[in-house]
DNA sequence: GCCGTTTTCGGCCCGACTGTTTTCAGTCG
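Residue numbers (our numbering): 13 to 588.
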């Protein structure tokens, strides 16, 4: 599946690093390999599929003849000769050393030349023995910074979940708002683009000249700060105690704020593309504005810059240079789904199985905090014994309670659903006679996660009472990769049978992943966003689910739970 | 190594901050 893409992206980014380390004036070759790695990583389909369908690899931007040949070589033989050769030119694990904050190619080259550093162990030893400090251009602080960088890499995971990053960023924003006189403040970077995982946190503010020093002082003195990495008038960077995150704060003038937002929201690839467009008109974009020579053409808002480039404003979630600029040029940007479009939540658990809250508490909370028309209670089925799964009789009792509660609130707000287990042989954990009484059935795999589960899920979709497949790949970010699926077959079956696929909005799931969301939409498959709530605090994950869907270019039409219940019912009935 | 509505050759984003330097190279985003 996506195996080739991941492997090739890693190989090409390694090759880029090696060329950079060799430094034979090949820095642009290195950049080309970096661009190619990113291009492949972002592909919605697998490179092997592109080859089968006689499409040309060379049509992918940043993949030319030479790299396309290497892709073909890899798929045919399982390796790339040039890569094997390159690896021999540098010590093993050398590429990993580049990941240390503060260590770039020039530093590494010098260290290798002067001290014959080959591994992280060599490096630590040389740093601690004082040898490094003796080298011209190095000093006490540089040595300490590299040691800190190594320590940070060991203690912090690479990236944290979006929801966790949003929480940290939110605290900082509130703190700054309270203590300082700010005009505007925005969280930008990959948080604004709603990536699933986050590396650094970027925050922008505008404020009066006279306030700036105070703002930076406050920012670097906050309780949550573990270390001040850099501090200046326009830019400071701190590391947080929680999660070891780097947080950047940058201060701009009011008239620059749009340009700064654009610049620091990224992605890098999106910005580079915009800059090239500007260059073609002999203009220049930087974080302060769009310029023609010294003359500023735009900069106060993002819209003003896009507009001067002849483009409509592009939503942050789309800014990955995955075709959004081309779509914008043709005025064909999709009208992305928004949180306000959502009419209900189709996946949640109560105390009847492994949820923390009674149905009554769930209902009360949702009616107070969300503008939904319906929620579906989908507790686990009987084979999920560890989660208190329910059999047909118990679910029948639960449905009686739901009817009573609906009577009490005088509407049909609560729907009768179930998350039925897909058993290892592809059959379901509840009888068809029971399932046909349900308003909504989501079917999920919870056991035997380490095998190909394509056939299992295909046969579940053949059941006329299964309306959606829950967390289709079973991944848990940072813990479990998820099982393999022939996604093409899943999509075919989904559209043939009228079964929806879930975007499970738990921050550690976000399953389907973005490129599959986009592939499903292209295939005309219906999607649902479900929070899979087990406690009241999780309902808010719908916002992240919507952000995730937007990254996959979803419109409201592509998401079933943007519709009124009558329409959802139609979807259910059509399959039966 | 990639790319091209000026180019098949000659470009390839650009500014802030740090540390070690006396004017700048390296790193980062």
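In this text, a Cβ means the ideal position worked out from N, Cα and C, and glycines have one as well. Model, not experiment: these values are computed from the prediction.
| Asked | Found |
| --- | --- |
| Minimum C-alpha distance to residue 93 - residue among 225, 24, 46 | 24 |
| Runs of alpha helix (DSSP H) lying entirely within the segment 505-547, each at least 4 residues, in chain order | 526-534 |
| Three-state secondary structure (DSSP) of residue 355 | coil |
| Close Cβ partners of residue 127 (< 8 Å) along its chain, the five nearest in sequence each way excluded | 134, 138, 143, 144, 147 |
| Option nearest residue 172 by Cα separation, candidates 195, 166, 209, 160 | 209 |
| Coil, strand or helix - residue 360 by DSSP | strand |
| Residue range of the unbroken beta strand (DSSP E) whose run includes residue 382 | From DSSP, residue 382 is part of no beta strand (DSSP E); its letter is neither H nor E. |
| Endpoints, beta strand (DSSP E) assigned at residue 248 | 247-252 |
| Whole-number beta carbon distance between residue 359 and residue 494, since they are thought to touch under 8 Å | Actually they do not touch by this definition, with Cβ atoms about 18 Å apart. |
| For residue 587 and residue 256, the rounded distance between their alpha carbons | 49 Å |
| Range of the contiguous alpha helix (DSSP H) that encloses residue 405 | 404-421 |
| Strand pairing of residue 303, partner residues [DSSP] | 296, 308 |
| Inter-stretch contact (C-beta, 8 Å, three-pair minimum) for the segment 247-264 and the segment 291-298 | no |
| Ranges of the alpha helix (DSSP H) found wholly within the segment 106-186, counting only runs of at least 4 | 106-109, 117-127, 132-141, 143-146, 152-167 |
| Inter-residue Cα distance where the pair is residue 409 and residue 357 | 22 Å |
| Within the segment 199-228, ranges of the alpha helix (DSSP H) (whole runs, at least 4 residues) | 201-204 |
| Residue range of the beta strand (DSSP E) that includes residue 240 | 237-243 |
| Identified DSSP bridge partners for residue 452 | 429 |
| Pairwise C-alpha distance: residue 234 and residue 279 | 28 Å |
| Cβ-Cβ distance between residue 444 and residue 435 below 8 Å | no |
| Continuous alpha helix (DSSP H) stretch holding residue 441: start and end | From DSSP, residue 441 is part of no alpha helix (DSSP H); its letter is neither H nor E. |
| Rounded separation between residue 478 and residue 261 - CA only | 49 Å |
| Sequence-distant residues of the same chain with beta carbon closer than 6 Å to residue 594, five excluded per side | Any answer about residue 594 is impossible in this case: the structure gives the chain only from 13 up to 588. |
| First and last residue of the uninterrupted beta strand (DSSP E) at residue 459 | Unbroken run through residue 459: none, as it is neither H nor E. |
| Spatial distance of residue 185 from residue 213 (CA atoms) | 11 Å |
| Among 40, 74, 242, the one whose alpha carbon lies nearest that of residue 114 | 242 |
| Strand pairing of residue 567, partner residues [DSSP] | 348 |
| Cβ distance (whole Å) where residue 523 is taken to contact residue 487 below 8 Å | 5 Å |
| Same chain, Cβ closer than 7 Å to residue 581, neighbours up to 5 away in sequence not counted | none |
| Continuous alpha helix (DSSP H) stretch holding residue 474: start and end | 466-474 |
| DSSP state of residue 4 mapped onto helix, strand, coil | Because the chain is modelled from 13 through 588, residue 4 falls outside the range shown and cannot be assessed. |
| Straight-line gap, residue 464 to residue 506 (C-alpha atoms, nearest Å) | 18 Å |
| Closest by C-alpha distance to residue 205, when choosing among 273, 197, 259 | 273 |
| Cβ distance (whole Å) where residue 355 is taken to contact residue 575 below 8 Å | 6 Å |
| Given residue 548 as reference, the closest of 569, 372, 420 once Cα atoms are compared | 372 |
| Helix, strand or coil at residue 282 [DSSP, three-state] | helix |
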